[in-house]
Amino acid sequence: MVHPGLEAILFGTPAHICKTKIVCTLGPVSRSVEVIEELLRAGMSVARFNFSHGSHDYHQETLDNLKQAMANTNMLCAVMLDTKGPEIRTGFLKDGKPVKLVSGNEVTITTDYDAVGDESLIAVSYKKLAEDVRPGSHILCADGSIVLEVLSADPASGTVRAKCVNSAMLGERKNVNLPGVVVDLPTLTAKDEEDLQNWGIPNEIDAIAASFVRKPQDIDYIRKVLGPKGAGIHIISKIENQEGIANFDAILEKSDGIMVARGDLGMEIPTEKIFLAQKMMIQKCNIAGKPVITATQMLESMGKSPRPTRAEAADVANAVLDGTDCVMLSGETAAGDYPVKAVEVMNSICKEAEASIDYSTLFASILRQAPMPMSPLESLASSAVRTAHKVHASLIVVLTRKGETARLVAKYKPVVPILTVAVPMLTSDSLTWTCSGERPAQQCNFVRGLVRSPLTKRRPCALAAPSFQATSRRRTLCRHAWIPRPVTARRSGLFHLKSQSLPHLLSRSLPSLTSAAANTADSICFPTSVGRASSAPSAVPPILPAAELFGAGVCWRLPGEAPAGGNAAGGPLSLSHAPPCSPQPPPPALRGLGQLRRWADEAAGRCLRAAPCACRGVHPRR
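Under full-length UniProt numbering, the first residue of the sequence shown is numbered 1, with each subsequent residue one higher.
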């Protein structure tokens, strides 16, 4: 960590872009189009839909409002479905009124959920309670406000005798936690499966926050429920109990990301050890290069106050310093009095914390813990970050199809923003063909450092790249930028674009993000795979002066390919000035893949005549 000087403390640090992502829960006070637009402008990157509350119709209306707000603001926002998950709750009470439990009094806990409770009887929904608890175990009710100590258990009758440790009021259907007990509950309830099958998959959500993940087999089961139609949905595992912490390494390996759910976790482990669990999980996620979300009570006081407490501000900043990718707001934005203000405050805190990080030391630390030998792709990603730091680059541009390349670059925490160009993949069948790329761009919103661009009115929401929409039947339209031939995967996991399309794409997606940086930037770093499928990627990414990037045009040439009238040049990627090529959008009536390819070849030929270079595009697989 870099210790700020007096001026930085008094007048602030020159942080212009917040790299840490903010997850906002949409609820009654924040589900209108107008409020969602304000949240997006304030810094919301991920919208959380809490399926513990609300019907499918309710959430569908909220999602429709979110899409409208994204179209109005030209900003991208990922959609995350938070499952209700398996839970244990107390039953109903006599006359429906809360009862007072007095410290030292004995109560009977029954697993007959139809029983009506009172001061001496409490019903719970967990059938195996009497089998799993032991004398001396603690049972926590109502978010830990009531503590019951087990005296004895009778599995035959399904009852437990317990003593009240403290005095408190108990209401109906309060949550129950069993610290240290391995509970036998399903990974997904019937409601969760219905939510995924009937709402999540049809709406093409970006991620699932899976509640109460306890073992790696839980992730396998969730993927089985999602099936082929939901294969592209990321699974964010919520760690909320001791069993989840004990199996964390195996859970992390299976998951696409982790959420540190400190609410329920704080009732499963001692309070004084929560910070250790948080730091451990964040560190392991950083080493694995997977996104991690820190959640619960980040700015809870802002539900009623326009300013956070000092402890809350420090909590958010320390989570950023620990290395979290996202910080999450729950009730603050779902039902609070100041939802937009909470996001603005969190955005400001994150930027200040990011400005105080010693990125050189952080990079060296992550590199030391990286697995050896590195994959060619990860070696290229780490080299890009090192090079960008050495040359004081103002931006790293990553071309990616599934987001893996961008996440690997972000893993090494560069000081500069990472512009992720989500390149579409063209696929077809006998009737229709589609152009994918929007979901990977949205899923990058979970990763720290992958910044989005405030795009122009001509283009709807995208993550620092044009938005490629699904194609309609019998024709293909990439509305906002044209790529003559779609990319195909190389063995290294990186992709090549047709040479003439890249300057056009960058010239339309970069300036809105980096117009200020372009005037002062020394260079911009492009990590790029080179050579053919059998070739290893270069260890040295190309460096492009910012003035050239924002100039009239740039032609790209791969190693070993001779330029027009010259010999092949060395280096990972060569650059030369050329008149700007202006590829035209595809005509609206193109039918069939063959017609599109012929049109693309003709258009590429026009670009070659305007800006001669010897680059070759990569043909899609037939």
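Where a beta carbon is used, it is the ideal one built from N, C-alpha and C, also for glycine.
For the alpha helix (DSSP H) that contains residue i, what are its first and last residues?
i: V165; result: No alpha helix (DSSP H) contains V165, which DSSP labels as neither H nor E.
i: S360; result: Y359 to R368
i: K411; result: E404 to K411
i: V327; result: Taken as a continuous stretch (DSSP letters only), V327 belongs to no alpha helix (DSSP H), being part of the beta strand (DSSP E) at C326 to L329.
i: E243; result: Q242 to A246
i: C350; result: P339 to A355
i: V225; result: P216 to L226
i: K21; result: Where K21 is concerned, there is no enclosing alpha helix (DSSP H), although the beta strand (DSSP E) it sits in stretches over K21 to T25.
i: K390; result: P376 to K390
i: A231; result: Where A231 is concerned, there is no enclosing alpha helix (DSSP H), given that its DSSP letter is neither H nor E.
i: P440; result: E438 to Q443
i: D112; result: Careful: D112 lies outside any alpha helix (DSSP H) and carries neither H nor E.
i: E131; result: L129 to D132
Would the beta-carbon of residue i fall within 8 Å of that of residue j?
i: R48; j: M267; result: no
i: V150; j: V124; result: no
i: E352; j: A342; result: no
i: L40; j: A69; result: yes
i: A381; j: L408; result: yes
i: Q443; j: A207; result: yes
i: E38; j: V225; result: no
i: V316; j: E354; result: no
i: M44; j: C18; result: no
i: A142; j: L170; result: yes
i: T20; j: C285; result: no
i: L441; j: A422; result: Position check: residue 441 holds Ala in this sequence, whereas Leu was assumed. Yes, the Cβ-Cβ distance between A441 and A422 is below 8 Å.
i: I205; j: M259; result: no
i: T111; j: Y126; result: yes
i: residue 635; j: G336; result: There is simply no residue 635 to check, as the chain begins at 1 and stops at 622 in what is shown.
i: L265; j: E240; result: yes
i: N445; j: V147; result: no
i: N65; j: V33; result: yes
i: I235; j: I219; result: yes
i: R173; j: T90; result: yes
i: K304; j: I366; result: no
i: V397; j: T405; result: no
i: T62; j: L26; result: yes
i: A209; j: K238; result: yes
i: S348; j: H389; result: no
i: G257; j: K290; result: yes
i: S152; j: R161; result: yes
Starting from residue i, follow the beta strand (DSSP E) in both directions and report where the run begins and ends.
i: D322; result: First-last for D322: R310 to D322, but that is the alpha helix (DSSP H), not the beta strand (DSSP E).
i: N50; result: M44 to N50
i: G180; result: Segment: none, G180 is in no beta strand (DSSP E) and carries neither H nor E.
i: H234; result: H234 to I239
i: A261; result: G257 to A261
i: A295; result: V292 to A295
Can you tell me which residues form a DSSP beta bridge with residue i?
i: H138; result: E149
i: T90; result: V124
i: V421; result: L399
i: G117; result: L93
i: I282; result: Its beta-bridge partners do not exist; DSSP assigns none.
i: V99; result: L170
i: E106; result: K163
i: D154; result: T159
i: V451; result: L419
Could one say the Cβ of residue i lies closer than 8 Å to chain B's Cβ atoms, at least one of them?
i: S301; result: The structure shown has no chain B; it contains just one protein chain.
With a threshold of 7 Å (Cβ to nearest heavy atom), would residue i be considered close to the ligand COA?
i: I236; result: In terms of ligand content, the structure shown is empty, and the ligand COA therefore cannot be addressed.
Within the chosen definition, does the stretch 75 to 83 reach the stretch 187 to 199 through at least 3 CB pairs nearer than 8 Å?
-> With three or more CB-CB distances shorter than 8 Å, the stretch 75 to 83 counts as touching the stretch 187 to 199.
Write down every uninterrupted run of the alpha helix (DSSP H) in the stretch 186 to 211 whose length is 4 residues or greater and which is fully enclosed by it, in chain order.
-> 190 to 195
Going along the chain, which unbroken runs of the beta strand (DSSP E) with 3 or more residues stay wholly within the stretch 59 to 85?
-> 78 to 82
Pairing CB atoms from the stretch 402 to 421 with CB atoms from the stretch 443 to 450, are three or more of them under 8 Å?
-> yes
Stretch pair the stretch 222 to 241 + the stretch 92 to 107: three plus CB contacts closer than 8 Å | no
Counting pairs of beta carbons, one from the stretch 190 to 205 and one from the stretch 52 to 61, are three or more of them closer than 8 Å?
-> yes
Per the contact definition of three or more C-beta pairs closer than 8 Å, is the stretch 277 to 286 in contact with the stretch 299 to 317?
-> no
Quick check: the stretch 245 to 257 against the stretch 371 to 378, are there 3 or more CB pairs under 8 Å?
-> Using a Cβ-Cβ distance cut-off of 8 Å, the stretch 245 to 257 and the stretch 371 to 378 are not in contact, since fewer than three pairs of beta carbons, one from each stretch, lie closer than that value.
Three or more beta-carbon pairs under 8 Å between the stretch 210 to 218 and the stretch 167 to 181, yes or no?
-> no
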